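Asks:
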Amino acid sequence: MINPVWLRSFCTLIEVGHFTQAAERLHMTQSGISQHLRKLEEFLGVALIQRQGRQFTPTEAGRKLYGEAHEIVESLSTLSQRLGEDPVYEGLVRILSPGSVGLKLYPRFLKIQQGHPKLIIDYRFAPNRDVERSLLEYRCDMGLMTSPSALDEIASQPVASEALILVTPVAIKNTDWSTLLKLGYVGHPDGAYHASLLLGANYLEFQHVDMFALRGFSNQISLILEPVSLGLGFTVLPEHAVNAFDRPELIRSHRLETPVSETLFLATRRHRALPARVKNLIAMAREWL
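In our numbering, the protein residues as written are 792 to 1080.
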């Protein structure tokens, strides 16, 4: 029988991609991780990683082993939790969501953590595909997505809707088509999609976002409105991201004639028994949203 401790070390190494970080996560030494890997390779009779200097990639055998083993390791690591106590305000909760809703939820979760120091919040901003992947690989306890998952392994339920907002510099009061063309567009990773939804529903002239001169781009949700506030262009963002901007007096939000909203879906790993702390934060997220 394969030693489950070796499997845990191997799966952690594959997940974090670095010997030192894997050792830190497991409270081990780097040499201990290397020793577990060597024993596992000797036991199986195959190489599990291919080294390139300080970097490595899993071999085909390594990828297959991780695919089979990570669920076993996850199950073993949570066995005592499932069988024993299940405190509401203790332990790690891993959450992934789009950046906009994250700007709303994360500060509130931190306030909960502040009152309960044994509760640990790991909150990361991620697109839908990364939320799904993390749930599938048991690297996430709960996620929020802007579309329902089509995967059988993931349960997703609508929990809220978030309006899309046209945002301009504060001096802009008229948002007719010629004004937008003159202003130009500030882009972000979801910008083309958001613009197609909102502008497509309100302007007959709109075909695609490339019709506007690009005035800038940022992939950091908290920075997208910086160039807008400086008068460099307009953008389209979900409402929570607009509300989180710390200098609202420099921007203007425009509610167009035909409102458009994105539905937010709460996603979890289907058939996974969620601990009480995760259920509690899910309930809070539902209430806040």
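Backbone N, C-alpha and C define an ideal beta-carbon position, used for all residues, glycine too.
Keep in mind it's a predicted model, so treat the numbers as computed, not measured.
#1: Kindly list the residues whose CB is nearer than 6 angstroms to the CB of glutamate 865, restricted to its own chain and excluding five residues on each side of it in sequence; keep chain order.
#2: Taking the runs of the beta strand (DSSP E) that are 3 residues or longer, which of them lie wholly in the stretch 976-1044?
#3: Just the C-alpha distance for aspartate 943 and arginine 1061, rounded to the nearest angstrom, thanks.
#4: Distance check for serine 940 and methionine 923, CA to CA, integer angstroms please.
#5: Applying the criterion that 16 or more other CB atoms from any shown protein chain within 10 Å of the CB defines a buried residue, is arginine 1068 buried or exposed?
#6: Would you identify the three-state DSSP class for glycine 934, choosing helix, strand or coil?
#7: When the Cα atoms are used, what is the spatial distance from glutamine 846 to phenylalanine 801?
#8: Count the other C-beta atoms from every protein chain shown that fall within 10 angstroms of the C-beta of leucine 1014, then say buried if there are 16 or more, exposed otherwise.
#9: Would you identify the three-state DSSP class for aspartate 746, choosing helix, strand or coil?
#10: What runs of the beta strand (DSSP E), each 3 residues or longer, lie entirely inside the stretch 819-887?
#11: Determine the closest residue to proline 898 out of Val958, Ala962, Thr869 and Arg915, with distance taken between C-alpha atoms.
#12: Report yes if the CB atom of isoleucine 963 is closer than 8 angstroms to the CB atom of arginine 1038, and no otherwise.
#13: Output the distance between the C-alpha atoms of lysine 830 and isoleucine 903, rounded to the nearest integer angstrom.
#14: Report back the beta-carbon spacing between leucine 1023 and arginine 1006 to the nearest angstrom; my notes put them in contact at under 8 angstroms.
#15: For proline 1050, which residues in the same chain have their Cβ closer than 7 angstroms to its Cβ, ignoring the five residues on either side in sequence?
#16: Quick one: give me the first and last residue of the beta strand (DSSP E) that glutamate 1053 is part of.
#17: What is the residue span of the beta strand (DSSP E) that tyrosine 914 lies within?
#18: With distances taken from CA atoms, which of Gly808, Asn993 and Ile911 is nearest proline 878?
#19: Buried or exposed for lysine 895, going by 16 or more other Cβ atoms inside 10 Å?
#20: Within 10 angstroms of the Cβ of proline 1018, are there 16 or more other Cβ atoms? Answer buried if so, exposed if not.
#21: Straight-line CA distance for asparagine 794 to valine 977?
#22: Are isoleucine 945 and alanine 1058 closer than 8 angstroms when you measure CB to CB?
#23: Could you tell me the distance, in whole angstroms, from the CA atom of leucine 1113 to the CA atom of isoleucine 886?
#24: At what residues does the alpha helix (DSSP H) containing proline 795 begin and finish?
#25: Cβ of leucine 1021 versus every heavy atom of the ligand MG: is any distance shorter than 7 angstroms?
#26: Residues in the same chain with beta-carbon distance under 8 angstroms from leucine 1047, minus the five sequence neighbours each way, listed in chain order, please.
Replies: So, from the data block:
#1: Locating residue 865 in the sequence shown gives position 74, counting from the first residue. Closer than 6 angstroms at Cβ, skipping near neighbours: Tyr929.
#2: Counting only runs of 3 or more, we get 976-978, 1005-1008 and 1026-1029.
#3: Position 152 of the sequence shown, counted from the first residue, corresponds to residue 943. Position 270 of the sequence shown, counted from the first residue, corresponds to residue 1061. If you take the alpha carbons of aspartate 943 and arginine 1061, they lie about 8 angstroms apart.
#4: One-based indexing of the sequence shown puts residue 923 at position 132. One-based indexing of the sequence shown puts residue 940 at position 149. In the sequence as displayed, the identity of residue 923 is glutamate instead of methionine. Taking the straight line from one Cα to the other gives about 7 angstroms.
#5: Numbered from its first residue, the sequence shown carries residue 1068 at position 277. Buried is the label assigned to arginine 1068, since at least 16 other Cβ atoms lie within 10 Å of its Cβ.
#6: Counting from one through the sequence shown, the residue named residue 934 turns up at place 143. Correct three-state label for glycine 934: strand.
#7: Locating residue 846 in the sequence shown gives position 55, counting from the first residue. Locating residue 801 in the sequence shown gives position 10, counting from the first residue. Computed Cα separation, rounded: 15 angstroms.
#8: If you number the sequence shown from 1, residue 1014 lands on position 223. Looking at its Cβ environment, which holds fewer than 16 other Cβ atoms inside 10 Å, leucine 1014 is exposed.
#9: One cannot answer for residue 746 here, as it falls past the ends of the chain, which runs 792 to 1080.
#10: When DSSP assignments are scanned along the stretch 819-887, the uninterrupted stretches of beta strand (DSSP E) that are 3 or more residues long and fall wholly within it turn out to be 840-843 and 846-849.
#11: Here residue 898 is taken as the residue at index 107 of the sequence shown, counted from 1. Closest by alpha carbon: Arg915.
#12: One-based indexing of the sequence shown puts residue 963 at position 172. One-based indexing of the sequence shown puts residue 1038 at position 247. The Cβ atoms of isoleucine 963 and arginine 1038 do not sit closer than 8 angstroms to each other.
#13: The count along the sequence shown starts at 1 and reaches residue 830 at position 39. The count along the sequence shown starts at 1 and reaches residue 903 at position 112. Between lysine 830 and isoleucine 903, the alpha-carbon positions lie close to 43 angstroms from each other.
#14: Along the sequence shown, read from residue 1 onward, the residue named residue 1023 stands at position 232. Along the sequence shown, read from residue 1 onward, the residue named residue 1006 stands at position 215. Rounded to the nearest angstrom, the Cβ distance from leucine 1023 to arginine 1006 is 5 angstroms, consistent with a contact under 8 angstroms.
#15: Counted from its first residue, the sequence shown places residue 1050 at position 259. For proline 1050, where only same-chain residues beyond five positions count, the Cβ hits under 7 angstroms are Ala954.
#16: Within the sequence shown, residue 1053 is the residue found at index 262, counting from 1. Segment 1052-1060, the beta strand (DSSP E) holding glutamate 1053.
#17: Numbered from its first residue, the sequence shown carries residue 914 at position 123. Tyrosine 914 -> beta strand (DSSP E) spans 910-916.
#18: In the sequence shown, the residue the question calls residue 878 occupies position 87. Minimum Cα distance to proline 878 is reached at Ile911.
#19: Counted from its first residue, the sequence shown places residue 895 at position 104. With 16 or more Cβ atoms within 10 Å of its Cβ, lysine 895 is classed as buried.
#20: Here residue 1018 is taken as the residue at index 227 of the sequence shown, counted from 1. By the 10 Å Cβ count, proline 1018 comes out buried.
#21: The residue labelled residue 794 in the question sits at position 3 within the sequence shown. The residue labelled residue 977 in the question sits at position 186 within the sequence shown. Each residue's CA atom was taken as its position, placing asparagine 794 and valine 977 some 53 angstroms apart.
#22: As a working mapping, residue 945 is identified with position 154 in the sequence shown. As a working mapping, residue 1058 is identified with position 267 in the sequence shown. In this structure, the beta-carbon distance from isoleucine 945 to alanine 1058 falls below 8 angstroms.
#23: Only positions 792 to 1080 of the chain appear in the structure, and residue 1113 is not among them; the question remains open.
#24: Taking the first residue of the sequence shown as 1, we reach residue 795 at position 4. In the DSSP annotation of this structure, the continuous segment of the alpha helix (DSSP H) that includes proline 795 starts and ends at 795-807.
#25: This structure lacks the ligand MG, and indeed carries no ligand of any kind.
#26: As a position in the sequence shown, residue 1047 is number 256, starting the count at 1. A distance below 8 angstroms between beta-carbons, with the five flanking residues on each side excluded, links leucine 1047 to the following residues of its chain, in chain order: Leu957, Thr966, Leu989, Ala992 and Asn993.
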